[in-house]
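First the structure, in the form of C-alpha cells, and then the observations on it.
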Amino acid sequence: MTTAETDAARADAEAGATAPRSAAGNPIGFGRMLRKEDARFLRGRGRYLDDIQLPGMLHGAILRSPFAHARIAAIDTSAAEAHPKVTAVITGATLESLGLAWMPTLSDDVQAVLATDKVRFQGQEVAFVVAEDRYAARDALELIEVDYEPLEPVVDARRALDPDAPVIRSDVEGKADNHVFDWESGDPARCDEVFAAADVVVRQDMTYPRSHPAPLETCGSVAHMDPVTGKLTAWITSQAPHAHRTVYALVAGLPEHKIQVISPDIGGGFGNKVPIYPGYVLAVVGSIVTGAPVKWVEDRSENLMSTGFARDYHMRGEIAATRDGRILGLRVDVVADHGAFNASANPSKYPAGFFNIFTGSYDLQAAHCKVTGVYTNKAPGGVAYACSFRITEAVYLVERMVDLLADELGTDPAELRMRNLLRPEQFPYRTQTGWEYDSGDYPRALRLALDMAGYDELRAEQAERRARGELMGIGLSFFTEGVGAGPRKHMDILGLGMADGCELRVHPTGKAVVRLSVQTQGQGHETTFAQIVASQLGIPPEDIEVVHGDTDQTPFGLGTYGSRSTPVSGAAAAVVARRVRDKARLVAAAALECSPDDLEWEHGRWHVRGDPSQGRTIQEIALLAHSSLELPEGVEGHLDASAVYNPPNLTYPFGAYVCVVDVDPGTGRVAVRRFVAVDDCGPRINPMIVEGQIHGGLADGVGMALMQAIAFDEDGNCLGGSFMDYLLPTAMECPPWELGETVTPSPHHPIGAKGIGESATVGSPAAVVNAVIDALEPFGVRHADMPLTPAQVWLAMQGRPARTDIAVW
Amino acid sequence: MQVTMTVNGAEVTRDVEPRLLLVHFVRDHLGLTGTHWGCDTSNCGACVLWMDGEPVKSCTVLAAMAAGRSVRTVEDLARDGELDPVQQGFMQCHGLQCGFCTPGMLMTARHLLDRDPDPSEATIREAISGQLCRCTGYQNIVAAVRWAAEHPHGAAEVDDEAVTQSAPAAPGEGRSETEVSA
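Chains as they are written, first to last, in this note's numbering: chain D, 1 to 809; chain V, 1 to 182.
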C-alpha cells in the first residue's frame, strides 16, 4: 500500500466526523444519514417476492416427505390431477425424463429437486402441484398418494460413520458410508510437541447445535418463461442473483443472456437465501410446463425444515498453556453434520468454511484442526445464519476453551485474554493456520469493553450476590472475523471467483447512478453505497441512485453474504468513483486550459493548485463532459466508469463483548441483564446503520445461546419445525444494547472499511454462554451445550446437562 | 360467500371462500401488500392490522369474520402525504432494516400510543412482544416508539438537536476511540 493510499484511508476515516452536509442535510460522505429505502417500507410499499402479481399467474405448492429416510415405492397423482383448479402435477419421474431430477449444490454435490428413489430427510421435496390459487394448490397436495417404505434413519452425527450406519447416499455410485470430506489445517506434529511440553491441557466436547436463520420472509420465487421470446424471468428471494443465474444456465442448459434473475425487496436473508432450493427450480419447471408465470412461496414450517440450516458442529477442543497463563496451542476435532446433501455455500477450497480461523485473537505457537463432514437424514445446508463461513463456530470454540482454561488456572478470564491477545505491533499477523490479519488493536478494544461494563464492580457485585445465594454471571468473548471473500485466486463458488463489479455513471446534470453486484436484504445498501460514492466524488448522496438486485441491470458479482458487501462491493464502489474522479480531472483541465497535474481535488471540486477560485465542481464537470468542450486525445467524453474489485486479502473486523446474566436458581431461567459490545469494523460509513447491524446480531447471539435449536428425535422428526417450537428472541429477552467502538482501518481496503454484518452474531453467543456458565460456578458446572434453556440450565445445576441436538427421551 | 367490510375508510365487497384468511384477503384480493405474512402459527406478527380499532394477527382471522367491521392497514397510516409520527420515529431511529416486520410493528405502536401516549420502554417492549423482528434487536424499535411519543405531531416540531438526542443510534452516544494510524 502506498503512502498516498494510506493517507486516503486516513482522510476517509476522519471524514466521518467532518463530512460536509448537502442542502438536504445529508453527509456528503460518511456519517449518520437516514435511510433512503425507508420511504417505501414505512408506507407498506416495499415490493417483496409474495407481493408480485403477474397476469395469469399460477401458484405452486410442494408435497414433502413425512419420513426422514424412506424408499418411495409408488406415487399416485391421479386424484390431484383431477382437481378442477390444478394445472400440473410434477413428480421426480417427470423431472427425470427432463434430466432435471437432480441439481448441483453450491458445494459440488448434487441434491434431489424432487425425490425419485428415496427420501433422505423429513420435509424433502416429493411432488409439485401447480394450481389456479394458493389454497387449491395446497388442497391438491392432500390428494397425492405416496407409498413409502420407511428405512432406518441416521440422526446422530457422531454415529454417522459407524460401520453399521445405513448409507444415505445410495444415489452415488459405490458410496458405502456417510462420509462427505476430511479437511485439516495447521501443523499436527508441532501441536503434539507444544501440547506435550505444556503445563496444562484442558479438553472439552461441545456441540454448536443446528440453528436456522429464519428470516421473517420465507423463501420463494416467481418464474416466468416467456414461450415467445424464450426468456426466463425469475424473481427469487436470493442473496446472490448473479450466481443463481449462472447456475441456472449451467443446470438447465438455458442460455445465460436469456435469464434475468431479480432479487426484489428481501425480508431478511442471514445466509438462508444464498443456496438454490428445489422450489426455485420447480417454479421454473412449472412455468415451462404450464406456459404461465408460477409463484411458489414456502410456509414457515417448510422454511425451517428444508432450507439452509446453520452450524451442527460437534467439536472436541483442547487448549494447552503454561501454568502462569500463556496460551500455547489449540486443537480441535470436528464432526460436521451436513445433512442429506452437501449443499453448504462456502468457497469451494474451504469445505469447512473459514473454521480454521479458530485460533481466534490470540498469539499461539501451534494449532491444528480436523473437520470430518458427514451425511445425516436431515435437511441440507450448514453455512448460513450470519456465520462468516463457520467463523461463528470457530469463535465459540476458542472463547469457550479460553474460559475453561481460566477456570482451570484459577485466573480471571479478562486477565487471561488480555495476557494472550495479539499486540498491535504484531500486525499484519500470520496465524498458525495461514490467515493474515490485516490490522487491529485488540487490548484497547477489550479495555474499553471492560471499562464500559465496569468489570471490577461487576465482579464485586457478583461476589456479594453469590454470598446471598444469587446466581449472577459475567461472560466475555473476543472475536476476530475474516470477511470480504475474497481474493479470486483462492476463493470461488462453483468456479466463479469472488470478485465484485460496479458501474457508475454521472448524468449531465451531475446526478449519478451506481450499479452494484450485491443487493440488500435490509443492510441499507441504497443509502450506504450512495455515501461511499459521495465520499469520493462530492456528489450529495440523495443525488446518487443505487441500482441492485437485477442481473439485467447490474454487473456480475457473487452476492451479499459473509459480510462481503462493504469489503468487496464497497471497495468496488470506491474504486469506480475514484476512476470517475480521475476522468473528471482531465475534463476540468480541458475546461480550465491547464495541465491535469496542476489541479487539486477538494471535496466535489477540482481547482487550480494555488488558485482555488479557478475550478469546476463535479456537477459542472459532468455537464462539460457531455458538452461540445474539446477534450484531449484519449478522453472519450461522458462521465462514467466501471470496475471489478478483486480483494487482495480478507478484512478482519474484531470486537470485545461483555455479557451479564442473572439465573433463577429455582427455574434455571436466564435473564440477560446487560450486554456491552465494542466493535471495530474500521471507519463507519453510516454509524446508524452499523449500530443497527450490531444490535440485530446481538439478539441473534442471545437467541442462539438461550433459545434456538433445531433438534431431532430418534426417528429423524424435526423438533423445530415452527415458531411454536423454534423459539426466537422477542423484545422481552433482549436487553438494551450498550455499544462502543474502536476504529482501526484496514490497510488494504480503499476506504479502510472492514465489514460489520455478521460480527455480532459471530461474537456474541460465546459471551452469553460464558456468562451463564460463570453464573453456575457454585454448582461446579464446566460446560453445558446451547441452547441454555431453563431445562438445560436446571439439568446443568444437577450435574447432568443434556445433549441438545437430539432428543433423548 | 360475499363479504363487505370497510378497509382504510372505504367499503369493499368481494366474493371469497369461507376459509380465506384476512391476511390473504387484504393482500391478494385488495392488493394491500403492506400487510405481510411470516409464519403459520400466529407467532411472528408480520400480519398485524387493525380490526375495529384493535390490532389483530390477520393470519388468525377469517375474512368472513371481518364482515361488517372496519379494517385499517399500514397503507392508511400516512395521511395527506404526511407520515404518522410512528412512521417518522422508525425512520429517525433506524427502527427498521429489511422492513418485513415493520408494518405490523407500526400498527401495534400506533395503537399503543393511542391508549398510552407516554409509554415506558418496558411497556413498549411488552406491547411488541407478540411480534418478531430478525434484524434490529428491538432496541431501535423501542426508541422509535419513544420518539413518536415525544413528537406526537411528528417532525414539524423537531429541531436537529431533538432528533439527535432522541435517536440512540446517533454517533457519539456510545463510546468511541478512533485510531487512524493504520
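Yeah, the Cβ is synthetic: ideal placement off N, Cα and C, and Gly gets one too.
Checklist entry - Touching or not, the segment 474 to 484 of chain D and the segment 522 to 530 of chain D, by the rule of three or more beta carbon pairs under 8 angstroms? => result no
Next on the checklist: Closer than 8 angstroms between beta carbons: that is the criterion. Which residues of the segment 128 to 151 of chain V meet it against chain D?
Outcome noted: Ile128, Ser129, Gly130, Gln131, Leu132, Cys133, Arg134, Cys135, Thr136, Gly137, Tyr138, Gln139, Asn140, Ile141 and Val142
Next on the checklist: Using CA atoms only, rank isn't needed, just tell me which of D:Gly484, D:Gly549 and D:Pro541 is closest to arginine 515 (chain D).
Outcome noted: D:Gly549
Next on the checklist: Using a 10 Å radius around the Cβ and a threshold of 16 neighbouring Cβ atoms, would you call aspartate 582 (chain D) buried or exposed?
Outcome noted: exposed
Next on the checklist: Please report the distance separating the alpha-carbon of histidine 242 (chain D) from that of alanine 340 (chain D).
Outcome noted: 26 angstroms
Item to check | is_contact[arginine 79 (chain V), chain D] using C-beta, thresh 8 angstroms | outcome: no
Checklist entry - In the structure shown, what three-state DSSP assignment does valine 297 (chain D) receive? => result strand
Checklist entry - Could you give the distance in angstroms between the alpha-carbon of asparagine 646 (chain D) and the alpha-carbon of glutamate 298 (chain D)? => result 36 angstroms
Item to check | asparagine 43 (chain V) at chain D interface by Cβ criterion, 8 angstroms | outcome: yes
Item to check | For proline 27 (chain D), the three-state DSSP class (helix, strand or coil) | outcome: strand
Item to check | Neighbour list for aspartate 265 (chain D) in chain V, Cβ cutoff strictly below 9 angstroms | outcome: Cys98, Gly99 and Phe100
Next on the checklist: Here's the rule I'm using: 16 or more other beta-carbon atoms within 10 Å means buried, otherwise exposed. How should lysine 36 (chain D) be labelled?
Outcome noted: buried
Item to check | chain V contact for tyrosine 437 (chain D) (CB, 8 angstroms cutoff) | outcome: no
Item to check | Pair within 8 angstroms by beta-carbon distance, valine 167 (chain D) and alanine 234 (chain D) | outcome: no
Next on the checklist: Please state whether the Cβ-Cβ distance between valine 506 (chain D) and alanine 512 (chain D) is less than 8 angstroms.
Outcome noted: yes
Next on the checklist: Just to confirm my understanding: we take tryptophan 183 (chain D), look at its own chain, exclude 5 residues before and 5 after, and list those with CB closer than 6 angstroms. What are they?
Outcome noted: Pro351, Ala352 and Val371
Item to check | CB of threonine 237 (chain D) within 8 angstroms of CB of asparagine 356 (chain D), strictly | outcome: no
Next on the checklist: With a threshold of 8 angstroms between beta carbons, is glutamate 161 (chain V) in contact with chain D?
Outcome noted: Bear in mind that the predicted position of glutamate 161 (chain V) carries a pLDDT of just 39, short of 50, making it unreliable; the figure below should be weighed with that in mind. Cβ-Cβ to chain D under 8 angstroms: no for glutamate 161 (chain V).
Item to check | Alpha-carbon to alpha-carbon, glycine 522 (chain D) and histidine 820 (chain D) | outcome: Any answer about residue 820 (chain D) is impossible in this case: the structure gives chain D only from 1 up to 809.
Checklist entry - Would cysteine 39 (chain V) count as contacting chain D if we go by Cβ distances under 8 angstroms? => result yes
Item to check | Minimum Cβ-Cβ distance from glutamine 165 (chain V) to chain D less than 8 angstroms | outcome: Low local confidence applies: a pLDDT of 34 at glutamine 165 (chain V) is under 50, so the model's placement there is unreliable, with the coordinate-based value given in what follows. Not closer than 8 angstroms to any Cβ of chain D, the Cβ of glutamine 165 (chain V) fails to qualify, so no.
Item to check | Identity of the residue in V:Arg110, V:Arg134 and V:Asn140 nearest glutamate 54 (chain V) by Cα | outcome: V:Arg110
Item to check | Own chain, CB closer than 7 angstroms to leucine 143 (chain D), minus 5 neighbours either side, in chain order | outcome: Ala79, Ala80 and His83
Next on the checklist: Residues in the same chain with beta-carbon distance under 7 angstroms from alanine 8 (chain D), minus the five sequence neighbours each way, listed in chain order, please.
Outcome noted: Its pLDDT being 48, under 50, alanine 8 (chain D) is placed unreliably in this model, and the value from its coordinates should be taken loosely. Within the same chain, alanine 8 (chain D) has no close Cβ partners at all.
Item to check | Simplified DSSP state of valine 781 (chain D), which is helix, strand or coil | outcome: coil
Checklist entry - Taking just the CA atoms, how far does phenylalanine 181 (chain D) sit from aspartate 50 (chain D)? => result 38 angstroms
Next on the checklist: Counting only beta-carbon separations shorter than 8 angstroms, does valine 26 (chain V) have a partner in chain D?
Outcome noted: no
Checklist entry - Which residues in the same chain as valine 575 (chain D) place their Cβ atom closer than 7 angstroms to its Cβ, once the five residues preceding and following it in sequence are excluded? => result Ala643, Tyr645 and Pro750
Checklist entry - Using a C-beta cutoff of 8 angstroms, does glutamine 426 (chain D) count as contacting chain V? => result no
Checklist entry - Counting contacts by CB-CB distance shorter than 8 angstroms, is leucine 22 (chain V) in contact with chain D? => result no
Checklist entry - Less than 8 angstroms separating the beta-carbons of valine 398 (chain D) and glycine 360 (chain D)? => result yes
Checklist entry - Mapping DSSP to helix, strand and coil, what is serine 232 (chain D)? => result Note on identity: in this sequence residue 232 (chain D) is leucine, with serine being the wrong assignment. Strand.
Next on the checklist: Let me check one thing: in DSSP terms, what residues is tryptophan 183 (chain D) bridge-paired to?
Outcome noted: D:Val371
Item to check | 4-residue-minimum alpha helix (DSSP H) runs that sit fully inside the segment 266 to 321 of chain D, ordered along the chain | outcome: 278 to 290 and 300 to 306
Checklist entry - Is DSSP giving glutamine 131 (chain V) helix, strand or coil here? => result coil
Checklist entry - In chain order, what residues of the segment 209 to 238 of chain D put their CB closer than 9 angstroms to some CB of chain V? => result Pro213, Ala214, Pro215, Leu216, Glu217 and Thr218
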